[in-house]
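Presented below is the structure to which this report refers.
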Amino acid sequence: MKDYNPFSGSGKWYKGNLHSHSTVSDGTYSPEELKEVYKRHGYSFLALSDHRIFYAHKSLNDSSFLIYPSMEGNMTAPGEMSGCGGYRAYHMQVLYAPNLAADHPLCEGERIEAPLKTTWDHYYASAQTYIDSMRSRGNLVTINHPIWSRLTYADLAALNGYFAMEIYNSECALDGMDAGEGTVLWDLLLREGKKIWGIATDDCHNRDKPDGKALEGSPRFSSCRGWVQVYATELSVSAIGQALSEGRFYSSTGPEISRFEVKDGTVFLSCSPVQKIELIAEPCRALGYSDLAAQLTEAVWKLDGRERYIRAQVTDASGRKAWTNPIFFV
Ligand SMILES: [Zn+2]
Ligand SMILES: [Zn+2]
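Here the sequence shown stands for residues 11 to 340, where the numbers follow my numbering.
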């Protein structure tokens, strides 16, 4: 098995949120207010991904903070599913491409409508067309909150061209009816050979019922709960985008991961103190162990040699998690 370390070479960690909504669409905080919140919490970058509008917000960039140009392309329910409070939907994050210049004219304030169709079959075909269209512009596309969206394994297995899916979404974890985490669906896709990364995001709207603004500290304040830590050469759209596309990041709701490496047929994991460490592989089952004192900081695991991929997740004493991306062997 080849040695691999996604966090090797010269680079630094940059904390970011890849999914948020401001007053440009249906969020309650202005872009300026969101920048202030995230910067104060130690973030280096933020994707202001308002619905169907692609904005760079270049005036908010400074030497230590970057707005990562993006939008959320929503394709919402066919008519026959309306009225029951739930519906199948494709919501896709469109992230600025690493190979396009940051001042590309497509980047500032472009409204891109996702198609709406009346039957699921048409809808599905439109989703693939949409992904292909965004990729042809050079953008990276993710599948957002698949559990909340009521997407099935078959829906996601049939789609191609998305580079990542949300495995944690703060807004859905807060009020999405157990729709915040999607790791089981992720593993099912990985087991069948899909090579996709997993991302944790906020999807913050910060709404408080009925129409108010959720203040920091409120249980409905969904900012700063799920993030990615990207290992990149610098804080720029191209460097962050490159690292994202290569899976050189991990996702977290709390714990830190400093090492996840395969060397001489052995996996090495290092993290902040946690209660549980799990190594998830296919087809072998790898490793899971717990320590009630929550002082676990390392795992070492000799690979069988037949694994097709391995990933790790850790859980701290408060139930907060972090997830590495898979290392693929085939
Ligand atoms: Zn969404
Ligand atoms: Zn969203």
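From the three backbone atoms N, C-alpha and C, an ideal C-beta is built for every residue, glycine too.
For residue i, the residue or residues it bridges with in DSSP
i, result
"Trp23", "Tyr241"
"Arg217", "Lys223"
"Asn179", "Thr211"
"Ser300", "Lys286"
"Ile63", "Arg121"
"Leu28", "Paired residue(s): none; Leu28 is not in a bridge."
"Met102", "Gly83 and Ile153"
"Val324", "Ile287 and Ala332"
"Ala174", "Thr152 and Trp207"
"Thr276", "Lys273 and Lys312"
"Ser281", "Checking the sequence shown, residue 281 turns out to be Cys, not Ser. Per DSSP, Ile267."
"Asp72", "Phe75"
"Ile141", "DSSP, once it has assigned bridges, lists no residue as partnering Ile141."
"Glu292", "Tyr319"
"Tyr163", "Answer is none; Tyr163 lacks a bridge partner."
"Ile250", "None; Ile250 has no bridge partner."
Contact test: residue i Cβ vs ligand 1 heavy atom, cutoff 6 Å
i, result
"Asn154", "yes"
"His51", "no"
"His67", "no"
"His101", "yes"
Residue i beta carbon near ligand 2 (any heavy atom closer than 6 Å)
i, result
"Glu82", "yes"
"Asp213", "yes"
Chain-order list of residues whose beta-carbon lies under 7 Å from that of residue i (same chain, five-residue window excluded)
i, result
"His67", "Pro41, Leu58 and Ile77"
"Ser20", "Thr243"
"Glu181", "Asp212, Asp213, Cys214, His215 and Ser232"
"Asn15", "Glu271"
"Asn71", "Ile77"
"Ser18", "none"
"Leu200", "Glu292, Tyr319 and Pro336"
"Thr334", "Tyr260, Ile267, Phe270, Arg321 and Ala322"
"Ala296", "Leu289, Ile290, Trp311 and Ile320"
"Asp314", "Cys294"
"Asp142", "Gly171"
Nearest-angstrom beta carbon gap, residue j and residue i [assumed within contact, 8 Å]
i, j, result
"Cys234", "Val104", "About 23 Å; that fails the 8 Å criterion."
"Gly190", "Tyr178", "6 Å"
"Arg321", "Ile287", "So it is not a contact: roughly 12 Å between Cβ atoms."
"Arg7", "Ser136", "No answer is possible for residue 7: the residues shown for the chain start at 11 and end at 340."
"Leu166", "Pro156", "6 Å"
"Met102", "Tyr140", "7 Å"
"Ile209", "Glu176", "6 Å"
"Ser255", "Phe173", "6 Å"
"Arg230", "Leu184", "6 Å"
Any non-hydrogen atom of ligand 4 closer than 6 Å to residue i Cβ
i, result
"Asp185", "Judged by which ligands are present, ligand 4 is missing from the structure shown, whose ligands are ligand 1 and ligand 2."
Contact set for residue i: own chain, Cβ-Cβ below 6 Å, skip 5 residues either direction
i, result
"Thr38", "Asn216, Arg217 and Lys223"
"Ala309", "Leu279 and Ile287"
"Phe75", "Lys49"
"Thr86", "Ala99"
"Gly236", "Tyr178, Ser180, Ala210, Thr211, Asp212 and Thr263"
"Gly119", "Tyr65"
"Asn154", "His101, Gln103 and Glu176"
"Leu198", "Tyr163"
Chain-order list of residues whose beta-carbon lies under 8 Å from that of residue i (same chain, five-residue window excluded)
i, result
"Asp274", "Asp13"
"Val34", "Pro41, Leu58, Asp60, Ile63 and Tyr65"
"Arg330", "Ser262, Thr263, Gly264 and Pro265"
"Asp326", "Gly264, Pro265, Ser282, Pro283, Val284, Gln285 and Ala304"
"Thr276", "Val310, Trp311, Lys312 and Leu313"
"Tyr53", "Lys25, Gly26, Asn27, Phe75, Cys234 and Trp237"
"Phe338", "Lys205, Arg318 and Tyr319"
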